[in-house]
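One structure below.
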Amino acid sequence: MNIFDAETFGAELIHAMKERRFKKRNLTWYRKEEDITIVLYIQKSQWGKDVWYYDYGVGINCLHESEIKTREKCEIGERFDQVLELNNVSPCLKEIITNRFGDESDNMLLKPEDIIVILDIWIKMFGSLESIKEVYTKEQLPYWSKKASLSKLFN
Numbered sequence: 000m001n002i003f004d005a006e007t008f009g010a011e012l013i014h015a016m017k018e019r020r021f022k023k024r025n026l027t028w029y030r031k032e033e034d035i036t037i038v039l040y041i042q043k044s045q046w047g048k049d050v051w052y053y054d055y056g057v058g059i060n061c062l063h064e065s066e067i068k069t070r071e072k073c074e075i076g077e078r079f080d081q082v083l084e085l086n087n088v089s090p091c092l093k094e095i096i097t098n099r100f101g102d103e104s105d106n107m108l109l110k111p112e113d114i115i116v117i118l119d120i121w122i123k124m125f126g127s128l129e130s131i132k133e134v135y136t137k138e139q140l141p142y143w144s145k146k147a148s149l150s151k152l153f154n
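Every letter in the sequence shown is one number past the one before it in numbering that gives the first Met the number 0, and letter 135, counting from 1, is 134.
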């Protein structure tokens with residue numbers, strides 16, 4: 000399998016991201032909706048240009064004074080390594096990803112089209128306040144979630 004550096008990988012994503020109405024800033028894509036902003040960030044690793052991570056996030060617009068354009072501002076997030084390791088995936092996403100990619104999904108090298116599939120899953124699960132509230136109520140949030148902020152919003 001071919002391993003890309005982050006810039007090459009990002010270039011492979013541009014068409015699919017534009018189709019989904021995302022804007023790009025460096026290695027971050029974001030799409031602002033009425034109530035939320037969805038973010039995908041490709042993060043380079045300190046261990047080399049061929050090692051990187053994908054950070055998915057959802058920020059809730061009413062909780063921020065300025066526009067959300069970074070993963071750090073998001074209330075909900077998940078990180079995927081360049082090689083998908085199911086042990087590191089939050090339970091709320093693990094079953095869906097396994098069902099989509101099959102038994103080969105553990106230790107699978109993620110390609111640009113795989114990142115888009117995961118993004119579509121992410122949008123379906125967290126693409127509205129209603130869907131976020133449903134996941135919050137079921138206590139099935141991803142590992143990187145600001146539960147205190149969500150609690151103030153939904154309780």
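The beta carbon of each residue, even a glycine, is placed where N, CA and C say it ideally should be.
Could you check which residue in the options has the C-alpha nearest to that of residue i?
i: LEU118; options: TYR29, ALA10, VAL82 and GLU33; result: TYR29
i: VAL134; options: GLN45, VAL57 and PHE79; result: VAL57
i: CYS91; options: VAL82, GLU18, LEU140 and ALA15; result: LEU140
i: PHE8; options: ARG20, TRP121 and LEU26; result: LEU26
i: MET178; options: GLU112, GLU129 and PHE100; result: Residue 178 lies beyond the range of the chain shown here (0 to 154); nothing can be said about it.
i: GLN42; options: ARG24, ILE67, GLU33 and LYS93; result: ARG24
i: LEU12; options: TRP121, GLU129, VAL116 and GLU138; result: VAL116
Check residue i in the structure and name its three-state DSSP category.
i: TYR142; result: coil
i: ARG19; result: coil
i: LYS182; result: No answer is possible for residue 182: the residues shown for the chain start at 0 and end at 154.
i: SER150; result: helix
i: MET0; result: Low per-residue confidence applies at MET0: pLDDT is 39, beneath 50, and the placement is therefore not dependable enough to give any value.
i: THR27; result: strand
i: ILE13; result: helix
i: THR36; result: strand
How close, in whole Å, do the beta carbons of residue i and residue j come, if the pair is a contact with beta carbons under 8 Å?
i: THR69; j: VAL38; result: 7 Å
i: TYR53; j: ILE114; result: 6 Å
i: ASP105; j: GLU84; result: 7 Å
i: SER127; j: ILE35; result: 7 Å
i: LYS132; j: PHE153; result: 5 Å
i: GLN81; j: LEU62; result: Not quite, the Cβ-Cβ distance comes to about 31 Å (not below 8 Å), so this is no contact.
So does residue i have its beta carbon nearer than 8 Å to some heavy atom of the ligand GDP?
i: GLU66; result: This structure lacks the ligand GDP, and indeed carries no ligand of any kind.
Taking 9 Å as the CB-CB cut-off, is residue i touching chain B?
i: GLU133; result: Here there is only one protein chain, and chain B is not present.
Just to confirm the assignment: which complete alpha helix (DSSP H) runs, minimum length 4, are found wholly within the stretch 73-129?
90-100 and 111-125
Counting pairs of beta carbons, one from the stretch 141-148 and one from the stretch 71-86, are three or more of them closer than 8 Å?
yes
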